[in-house]
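Undergrad:
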Amino acid sequence: MTDAKTVFVIAAPRAASSNRRYHTDEDCHRLEQSQGYREKRLDVLADGIKECSFCSGEHTPPKGTDTLATRDHLLAMDPDDVGPTGGDA
Ligand SMILES: [Zn+2]
Numbered sequence: 000m001t002d003a004k005t006v007f008v009i010a011a012p013r014a015a016s017s018n019r020r021y022h023t024d025e026d027c028h029r030l031e032q033s034q035g036y037r038e039k040r041l042d043v044l045a046d047g048i049k050e051c052s053f054c055s056g057e058h059t060p061p062k063g064t065d066t067l068a069t070r071d072h073l074l075a076m077d078p079d080d081v082g083p084t085g086g087d088a
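Those letters in the sequence shown? Residues 0 to 88, per numbering that gives the first Met the number 0, in order.
#1: Given this structure, state the Cα-to-Cα distance separating Asp42 from Val6, to the nearest angstrom.
#2: In the DSSP output, what is Val6 paired with across the bridge?
#3: Using DSSP with H/G/I as helix, E/B as strand and the rest coil, what is His28?
#4: Hey, quick one: how far does the alpha helix (DSSP H) through Cys51 stretch, first residue to last?
#5: Identify whether Arg20 lies in helix, strand or coil by the three-state DSSP scheme.
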């Protein structure tokens, strides 16, 4: 009975009620740029909170930024193909 998603919310010093978002990807750069964030269960968050557009994949990165493309490429690769071979200890 634990189908509630765990998400991440930025711990703002003052509630920025106009900008409430949750993040589903802990690697989201919004989280990395924040001063801290907390893990929350999606079902305890306020109604109306929206998923971060970066995490949801809706956001189109600015021109000249291919960070997401690079990440997608890495995600598509087989882990065995990443890094030097022989480190199977
Ligand atoms: Zn995000």
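We put the beta carbon where it would ideally sit given N, CA and C, even for glycine.
TA: Checking against the coordinates, here is how it stands:
#1: Going by the C-alpha atoms only, they are around 10 Å apart.
#2: Answer by DSSP bridge pairing, in chain order: Lys39.
#3: Helix at His28.
#4: Boundaries cannot be given for Cys51, as no alpha helix (DSSP H) includes it and DSSP labels it neither H nor E.
#5: Annotated three-state conformation of Arg20 is strand, per DSSP.
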